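With the working numbering applied, the sequence shown covers 2 to 465. C-beta atoms are modelled at their ideal positions from N, C-alpha and C, and glycine is treated no differently. Computed from a predicted structure; not experimentally measured. Here's the structure, in structure tokens; my notes come after.
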Amino acid sequence: MAPIYFLGLTTIIDRSASQKVLSLPELMLPTIKTLDSTDLHSAALVCHMWSEIALDYLWETAVSLAPLLNTLAPMHYSEEESNWTFVSNLDQANWSRFQAYAQRIRIVEICSTKKQWAKPVSMDSVEIAQVAVPSGYNFPRPVHLVYRGMGQQRQNPNSFILSLLNFLSVVSTSIKTLHTFETSFVDWDSDDAPVQDLFRRFAELEGASLESLSLKHRYYFSNSPAIPNLVTRHASTISSLVHDVPYTEQLWTAIRGLHNLKELYIDLELACSSPNGRRDTVMALNDITSGIFPELELLSIQLPSTDVDVEERRLEVFKCISRLTRLTSLTMRGRTPIMSYADEMWSVGQSLRRLDTLSIDANGWGDDPTPGTSSSLVSILQSFPHIKYLATGFICDSIPDTSHITAHSSLEILDLGWSPGPKAPQEEVVDFLRSILPRTAYVVHAGGGGEATWSETIRLRDEA
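Structural data, given as structure tokens:
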């Protein structure tokens, strides 16, 4: 290609230069990872390097084994059976092609879907592939499994259950993260719900492997030992636990064995809602903070109204949390606002010297008439002098006297969440933020009704 001359400088535009630009990781990766599936298919045709990355994203998540097994031999979908089957044997199967795609699958998602290609494979066809796989080739070894419950499949549960069985037959030994969400009601006498099969499968593995376990089953009222056995089996490896499920005594016993737990997310009101449970929420929190989790660094708790509104119970909650001196992140949410009692949290802040992330009432407080105020924000900053990130919600109708207050020295981000727009005079709010925050701290707001007012206030504060 002929050179282009401009102001005495020579720019040679050629094919290799274009390829080099398109191959720069800082340009290529951000571009490809934001594409939808249709555009990813197109990106895979650009060049070899783009193809490798685009295929990684295209095959990262599997909702059915059908697309993968279809690389071995043609498959047919049966409307009557709602599944896929091989229409020929695997004598001519290209196992290298199969392996190239199988190794890219990192996430398995079991969910309700109407898409034909996402429907399950007959177990006969799965078993045919398992028997035929040559030495040195493997089925997918994903590290994440997401189970989204039956949902719309309640009218046709067989297809959903088959999807579950497809994956449980081939991938469970490699899973490190198990996330389950079930909207169906599981009653006391039920031991055959699909999710129970999932729990049993992981409880029966020869060795512990799960590192992160998330169970969101608000309507799981079962005496089945499936969940306790699952927790017990992987007790030595679980470091992160999200438990939105009613607890039985057997489950409480299993949880106490998680001595390597670093992260715990728990809705205390739901955990103690089991009719056969013996603990109230404060007793449960006392149990959690009594030293059974010596490595705990992150705690996120949802508190019922009684634990916030009743002074005796509220102070006991703060006392329990103060024991967790290794915490680096604390999230507290309540049915009623917790920020209203910020002035009672001094001892919590003085005990949690390692804490750098704090979230209180960050998601709002519904229609409760007594949320935290500007004075509450000041109390929190004084009580927790070492935090770097604070997410909270409060009303700013008036401004307290801050003449005697020294600006917080370590805060880097104040996240106002969904706080309503301030009613106090804008100039006073700007001066208030300047007086309590370091000049280098960022102030952000999630949006909602107060977005415009807060955005302007934050802009004026940053211009100072």
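Bridge partners for residue i per DSSP, in chain order?
i: Trp-118; result: Beta-bridge pairing links Trp-118 to no other residue.
i: His-244; result: Leu-216 and Ile-267
i: Ile-396; result: Thr-374
i: Glu-81; result: None; Glu-81 has no bridge partner.
i: Met-333; result: Ile-302 and Ile-361
i: Tyr-102; result: Paired residue(s): none; Tyr-102 is not in a bridge.
i: Thr-178; result: His-145 and Ser-213
i: Met-76; result: Phe-87
i: Asp-416; result: Ala-392 and Val-445
i: Thr-62; result: Ile-108
i: Val-187; result: Tyr-221
Classify residue i as buried or exposed, calling it buried when 16 or more other Cβ atoms lie within 10 Å of its own Cβ.
i: Ser-404; result: exposed
i: Glu-110; result: buried
i: Ser-225; result: buried
i: Val-318; result: buried
i: Phe-186; result: exposed
i: Arg-354; result: exposed
i: Gly-451; result: buried
i: Glu-464; result: exposed
i: Lys-217; result: buried
i: Gly-466; result: Missing from the structure shown is residue 466; the chain here goes from 2 to 465 and no further.
i: Arg-155; result: Low local confidence applies: a pLDDT of 49 at Arg-155 is under 50, so the model's placement there is unreliable, and no value is given.
i: Tyr-443; result: exposed
Does the beta-carbon distance from residue i to residue j come in below 8 Å?
i: Lys-263; j: Leu-286; result: no
i: Ser-306; j: Tyr-266; result: no
i: Leu-206; j: Leu-165; result: no
i: Asp-416; j: Leu-391; result: yes
i: Val-196; j: Tyr-148; result: yes
i: Ser-241; j: Glu-212; result: yes
i: Ala-204; j: Leu-231; result: yes
i: Ser-126; j: Trp-85; result: yes
i: Asp-245; j: Val-283; result: no
i: Met-76; j: Leu-70; result: yes
i: Ala-194; j: Pro-229; result: no
i: Phe-87; j: Ile-129; result: yes
Compute the beta-carbon to beta-carbon distance between residue i and residue j, rounded to the nearest angstrom, for a pair I have assumed lies under 8 Å.
i: Gly-394; j: Ala-363; result: 6 Å
i: His-180; j: Ser-210; result: Incorrect: roughly 15 Å between the Cβ atoms, too far for contact.
i: Met-340; j: Pro-372; result: 6 Å
i: Gly-350; j: Phe-385; result: 4 Å
i: Ile-414; j: Val-445; result: 7 Å
i: Leu-328; j: Leu-297; result: 7 Å
i: Phe-294; j: Leu-259; result: 7 Å
Is the Cβ of residue i closer than 8 Å to any Cβ of chain C?
i: Leu-163; result: The structure shown contains no chain C; it holds only a single protein chain.
Tell me, please, whether the region 62-71 touches the region 27-46 by the rule of three or more beta-carbon pairs shorter than 8 Å.
no
If we count Cβ pairs, one from each stretch, closer than 8 Å, do we get three or more for the region 418-431 versus the region 446-459?
Counting Cβ pairs under 8 Å, three or more are found: they touch.
Is there contact here, the region 336-344 with the region 373-380, by at least three beta-carbon pairs under 8 Å?
yes
Are the region 161-178 and the region 121-129 touching by the rule of at least three beta carbon pairs closer than 8 Å?
yes
The region 434-441 / the region 417-425 touching (three or more Cβ pairs under 8 Å)
no
Would the region 50-60 and the region 101-110 be scored as touching if the rule is three or more Cβ pairs under 8 Å?
Output reads yes: the region 101-110 touches the region 50-60.
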